[in-house]
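**Student:** The structure follows.
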Amino acid sequence: MATENTEPDKADTGPGTDPPPRPPQSHEEKVIAGIWAELLGVPDPPADVSFFQLGGYSLSLMRVGARLQEHFGLVVPIPDLFENVTVEAQAALVEKLFDQQLTELGE
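Sequential numbering from 1 applies to the sequence shown in the UniProt record's numbering.
Pasting the structure below:
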């Protein structure tokens, strides 16, 4: 049942039910999800679930950084990877690093 503001009622999903995981959507998210799938052995990792919840650990996250560098040609600082532990967040980080690189090239 929807409330007057046309948003679904929380009661519709049942108590304690989390929303379904969001699949990767952008090109960057799909590439990163593919890297995660290969390194973690998890088919179709969701865009909004933590790397660590999917079985990742610190060393494997550093491997993600190396693969991002190989694929996108960007150096992704390791601390930034630890602050961005979802496919969604890492895709946003890659986009931010691209923007910074373009800005530096334009100067």
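For glycine and all other residues, C-beta sits at the position ideal for the given N, C-alpha and C.
Less than 8 Å between the CB atoms is what I'm expecting for Val64 and Leu81, so what's the real figure, rounded?
**Tutor:** The residue given as residue 64 occupies position 64 in the sequence shown. The residue given as residue 81 occupies position 81 in the sequence shown. With 8 Å as the limit, Val64 and Leu81 qualify as a contact, their Cβ atoms being about 6 Å apart.
**Student:** Give the straight-line distance between the Cα atoms of Glu38 and Asp18, rounded to the nearest whole angstrom.
**Tutor:** The residue labelled residue 38 in the question sits at position 38 within the sequence shown. The residue labelled residue 18 in the question sits at position 18 within the sequence shown. Cα to Cα, the separation comes out at about 26 Å.
**Student:** Distance check for His71 and Asn84, CA to CA, integer angstroms please.
**Tutor:** Here residue 84 refers to the residue found at position 84 of the sequence shown. Here residue 71 refers to the residue found at position 71 of the sequence shown. Computed Cα separation, rounded: 18 Å.
**Student:** Thinking C-beta only, is Ala47 closer than 8 Å to Arg22?
**Tutor:** Along the sequence shown, one-based indexing puts residue 22 at 22. Along the sequence shown, one-based indexing puts residue 47 at 47. It is a contact, given that the beta carbons lie within the stated cut-off.
**Student:** Put Gly55 into one of helix, strand or coil per three-state DSSP.
**Tutor:** Taking the sequence shown and counting its residues from 1, one reaches residue 55 at position 55. Three-state result, Gly55: coil.
**Student:** Tell me the start and end of each unbroken alpha helix (DSSP H) in the UniProt domain "Carrier" (23-98) that is at least 4 residues and wholly inside, in chain order.
**Tutor:** The qualifying runs are 27-40, 58-72, 78-83.
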